[in-house]
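J.: Residue numbers (full-length UniProt numbering): 40 to 514. Built from N, CA and C at the ideal position, the CB exists for glycine as well. No experiment lies behind these values; they were computed from the predicted model shown.
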Ligand code: FAD
Ligand code: MLT
Ligand code: ZN
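In structure tokens form, the structure reads like this:
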């Protein structure tokens, strides 16, 4: 059952005028049925999945979410929770006529503790707004990603987003300290702890982190923010081979260790795409591979000295062919744009088949090379980029239009390849609609069975984000 395998609509109720009446009374002016507004919420960021929901609900409080879910559960109405709608696996939009429950108006910061750095906020806060808020208080958010201007913290937690700073600050499974969640029947689970340590039994919040809206709706998050580094440097380096890039990474970890905050890569095809579609400028000599390194520390003189001795070493040994370093904000932003905006450039390039794979580090680029040999000239572009520090490759294949024959050539080849190296078919984007049936390439049948048991226990009618995450065989 492949990428394009369409699920069958399950026997949920259809929304009636009585239902609209109930919602309009509960959320006056925030129960949206205007087809023009619904159009945007029915389509995902990649414009590859389109639902036909006729109702968008915009609650402002946990209590309102609870009343919506209690009603939907009783009426057997399906719900698709939506944050910033930047998800890349078709998880954030309805497949059929599910009601869209948006967190866009749940955007209040509830508390910030300047001593511990713990931020507590509603789930619909936009990541970039949170970054700005904590930076004004000398802290940073522990995650950063190219979609920061639109994605919501609740969406980030629901997908367990990784992003550009995971190498330094770890995953949301460590930095999220607490959650408030509304369960399918409307019960409110308040796990909004603000403690770093709490071993009183099972850690319930972990179940909802990365559950893609299938087990509950997250309404509030508390998250641990690190102190804002005093000095930040960014370097863009060019390498002539992926082997050289990996050796540079090894040296980098050894010489920059505690100040290293990102080690990202892109190949020459990605660079061509950001130049072509976004008119970004490559400030260094053309190379087959590029690295973006960020250091973040507390002493600019020490950090710069360390960075320069690292650069001297990798250039003297010819591991790095050319490079440039930025210390001022404008140049740092320009260098980061080259890496962060690849996703956007790919969308301009055509229909994009996206793969988000975890692999043993030494194998990550072999998948791109093998895919190029395997597909020949059937694709428009086959590119590789990603989070080297996390062993996470983003393999993307573009085509002038959706192409069933091309897709059949990519899948299951890409998943079999990944399984052979005991990798993961979703490192950070989740499974959503598109990858749900590939779960067995990375998870055992026993694990999937237990996932289904959790789903049945928490959402017996299956109203929360149906057709997502779990495979079609059951649930
Ligand atoms: P949505 O897209 O709205 O939803 C995503 C999923 O979460 C859906 O299944 C939805 O039902 C569910 N959901 C949303 N809110 C809630 C809630 N409150 N309660 C329960 N379920 C909810 N991902 C990475 O991991 N690393 C990256 O570096 C990265 N970079 C990106 C760059 C770009 C340009 C884009 C477009 C996407 C990128 N992503 C990345 C994908 C990533 O999944 C999202 O950007 C982000 O985490 C999703 O947040 P969102 O608010 O947009 O959620
Ligand atoms: C990234 O690292 O740029 C994101 O995960 C988005 C993508 O894979 O395109
Ligand atoms: Zn990524």
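(1) In whole angstroms, what separates the C-alpha of residue 538 from that of residue 287?
(2) If we call anything under 8 Å between Cβ atoms a contact, is residue 198 one with residue 129?
(3) At 4 residues or longer, and completely inside the region 101 to 175: list those alpha helix (DSSP H) runs for me, N to C.
(4) Using the DSSP secondary-structure output, state which residues sit across from residue 227 in a beta bridge.
(5) Look at the alpha carbon of residue 40 and the alpha carbon of residue 485, and state the distance between them as a whole number of angstroms.
(6) Mark residue 357 as exposed unless 16 or more other C-beta atoms lie within 10 angstroms of its C-beta, in which case mark it buried.
(7) In the DSSP output, what is residue 362 paired with across the bridge?
(8) Return yes when the Cβ of residue 218 is within less than 8 Å of the Cβ of residue 231, no when it is not.
(9) Measure how close the beta-carbons of residue 116 and residue 73 come, nearest whole angstrom, since I'm counting them as under 8 Å.
(10) Shortest alpha-carbon distance to residue 229 belongs to which of 289, 256, 210?
(11) Can you give me the C-alpha to C-alpha distance between residue 495 and residue 501, rounded to a whole angstrom?
(12) In terms of residue numbering, what span does the alpha helix (DSSP H) encompassing residue 369 cover?
(13) Within the chosen definition, does the region 77 to 95 reach the region 162 to 178 through at least 3 CB pairs nearer than 8 Å?
(14) Can you give the Cα-Cα distance for residue 181 and residue 55, rounded to whole angstroms?
(15) Going by alpha carbons, who is nearest to residue 517 out of 90, 87, 98, 88?
(16) For residue 320, count neighbouring C-beta atoms within 10 Å of its own C-beta (all shown protein chains included) and say buried if the count is 16 or more, exposed if not.
(17) Residues in its own chain within less than 6 Å of residue 188 by CB, not counting five upstream and five downstream?
(18) Given the structure, does residue 467 come close to the ligand ZN, in the sense that its CB is under 7 Å from one of the ligand's heavy atoms?
(19) Residue 68: beta carbon under 7 Å from a heavy atom of the ligand ZN?
(20) Identify, in the order they occur along the chain, each residue of the same chain with its Cβ nearer than 6 Å to the Cβ of residue 136, setting aside the five sequence neighbours on each side.
(21) What do you get for residue 340, buried or exposed, if any count of 16 or more other CB atoms within 10 angstroms of its CB means buried?
(22) Between which two residues does the beta strand (DSSP E) holding residue 302 run?
(23) Can you find the residues in the same chain that come closer than 6 Å, C-beta to C-beta, to residue 332, ignoring five residues on each side of it along the sequence?
(24) On the three-state DSSP scale, how would you describe residue 266?
(25) Using 7 Å as the cut-off, classify the Cβ of residue 433 as near or not near the heavy atoms of the ligand ZN, replying yes or no.
(26) Just grab the DSSP bridge partners of residue 438 for me.
(27) Is the CB-CB distance between residue 472 and residue 134 below 8 Å?
(28) Secondary structure at residue 415, three-state DSSP: helix, strand or coil?
(29) Around the C-beta of residue 204, are 16 or more other C-beta atoms found within 10 angstroms, so that it is buried, or is it exposed?
(30) Hey, could you find the ends of the alpha helix (DSSP H) residue 213 is sitting in?
(31) Who are the near neighbours of residue 119 in its chain, counting only those whose CB is closer than 6 Å to its CB and skipping five residues on each side?
(32) On the premise that residue 334 lies in contact with residue 295, defined as a C-beta separation below 8 Å, what is that separation, rounded to the nearest angstrom?
(33) Counting pairs of beta carbons, one from the region 436 to 445 and one from the region 372 to 384, are three or more of them closer than 8 Å?
(34) Please report the residue range of the alpha helix (DSSP H) in which residue 179 lies.
(35) According to DSSP, simplified to helix, strand and coil, what is residue 96?
(36) Identify the residues that DSSP records as bridge partners of residue 397: which are they?
T.: Here's the rundown:
(1) Nothing about residue 538 can be read from this structure; the chain reaches only from 40 to 514.
(2) The count along the chain shown starts at 1 and reaches residue 198 at position 159. The count along the chain shown starts at 1 and reaches residue 129 at position 90. The answer is no: Cβ separation not under 8 Å.
(3) If we require 4 residues or more, the alpha helix (DSSP H) runs fully inside the region 101 to 175 come out as 101 to 114, 166 to 174.
(4) Within the chain shown, residue 227 is the residue found at index 188, counting from 1. Paired residues: 221.
(5) To locate residue 40, count along the chain shown from 1; it is residue 1. To locate residue 485, count along the chain shown from 1; it is residue 446. Residue placement at residue 40 is flagged as unreliable, the pLDDT there being 48, under the threshold of 50; the coordinate-derived value follows with that caveat. Each residue's alpha carbon lies about 20 Å from the other.
(6) As a working note, residue 357 is residue 318 in the chain shown. Per the 10 Å Cβ criterion, exposed.
(7) The residue given as residue 362 occupies position 323 in the chain shown. Answer by DSSP bridge pairing, in chain order: 276.
(8) Walking along the chain shown from the start, residue 231 turns up at place 192. Walking along the chain shown from the start, residue 218 turns up at place 179. Note that the C-beta distance between residue 231 and residue 218 is below 8 Å.
(9) Locating residue 116 in the chain shown gives position 77, where the first residue counts as 1. Locating residue 73 in the chain shown gives position 34, where the first residue counts as 1. Distance from residue 116 to residue 73 at the Cβ level is roughly 20 Å; contact not present, criterion being Cβ atoms closer than 8 Å.
(10) On the chain shown, position 190 is the one that residue 229 refers to. Ranking 289, 256, 210 by Cα distance to residue 229 puts 256 first.
(11) Your numbering for residue 495 matches position 456 in the chain shown. Your numbering for residue 501 matches position 462 in the chain shown. Residue 501 has its alpha-carbon roughly 7 Å from the corresponding atom of residue 495.
(12) The residue you call residue 369 lines up with position 330 of the chain shown. Note, residue 369: alpha helix (DSSP H), 368 to 379.
(13) Taking a contact to require three or more Cβ pairs closer than 8 Å, the region 77 to 95 and the region 162 to 178 do not qualify as touching.
(14) Within the chain shown, residue 181 is the residue found at index 142, counting from 1. Within the chain shown, residue 55 is the residue found at index 16, counting from 1. The straight-line gap from Cα to Cα measures roughly 43 Å.
(15) Within the shown structure, residues of the chain are numbered from 40 to 514, placing residue 517 beyond reach of any answer.
(16) As a position in the chain shown, residue 320 is number 281, starting the count at 1. It is exposed - the Cβ of residue 320 has fewer than 16 other Cβ atoms within 10 Å.
(17) To locate residue 188, count along the chain shown from 1; it is residue 149. Cβ neighbours of residue 188 within its own chain (closer than 6 Å, five residues either side excluded): 167.
(18) Position 428 of the chain shown holds residue 467. Yes; taking the cut-off as 7 Å, the Cβ of residue 467 has a heavy atom of the ligand ZN nearer than that.
(19) Residue mapping note: residue 68 aligns to position 29 of the chain shown, counting from 1. No, the Cβ of residue 68 stays beyond 7 Å of every heavy atom of the ligand ZN.
(20) To locate residue 136, count along the chain shown from 1; it is residue 97. If the five residues before and after residue 136 are omitted, its C-beta is found closer than 6 Å to the C-beta atoms of 91, 92, all from its own chain and listed in chain order.
(21) In the chain shown, the residue the question calls residue 340 occupies position 301. For residue 340, the number of other beta carbons within 10 angstroms of its own is below 16, and it is reported as exposed.
(22) Within the chain shown, residue 302 is the residue found at index 263, counting from 1. 299 to 306 is the span of the beta strand (DSSP E), which, as asked, contains residue 302.
(23) Along the chain shown, read from residue 1 onward, the residue named residue 332 stands at position 293. Excluding positions up to five away in sequence, the list reads 274, 302.
(24) The residue given as residue 266 occupies position 227 in the chain shown. For residue 266, the secondary structure class from DSSP, reduced to helix, strand or coil, is strand.
(25) Working through the chain shown from its first residue, we reach residue 433 at position 394. It does: the Cβ of residue 433 is within 7 Å (strictly closer) of some heavy atom of the ligand ZN.
(26) The residue given as residue 438 occupies position 399 in the chain shown. Answer is 390, bridged to residue 438.
(27) Position 433 of the chain shown, counted from the start, is the residue given in the question as residue 472. Position 95 of the chain shown, counted from the start, is the residue given in the question as residue 134. Taking a C-beta distance under 8 Å as the contact criterion, residue 472 and residue 134 qualify as a contact pair.
(28) As a working mapping, residue 415 is identified with position 376 in the chain shown. Secondary structure at residue 415: coil, using DSSP grouped into helix, strand and coil.
(29) Here residue 204 is taken as the residue at index 165 of the chain shown, counted from 1. Residue 204 comes out buried.
(30) Residue mapping note: residue 213 aligns to position 174 of the chain shown, counting from 1. Here the alpha helix (DSSP H) through residue 213 covers 211 to 214.
(31) As a working note, residue 119 is residue 80 in the chain shown. Within the same chain, residue 119 has close Cβ partners 133, 137, 139, 504.
(32) Position 256 of the chain shown holds residue 295. Position 295 of the chain shown holds residue 334. Sure, about 6 Å apart at Cβ, within 8 Å.
(33) The region 436 to 445 is not in contact with the region 372 to 384.
(34) The count along the chain shown starts at 1 and reaches residue 179 at position 140. Segment: none, residue 179 is in no alpha helix (DSSP H) and carries neither H nor E.
(35) As a first step, residue 96 must be located in the chain shown, where it is residue number 57. Residue 96 falls in the strand class under three-state DSSP.
(36) Here residue 397 refers to the residue found at position 358 when the chain shown is read from its first residue. 431, 463.
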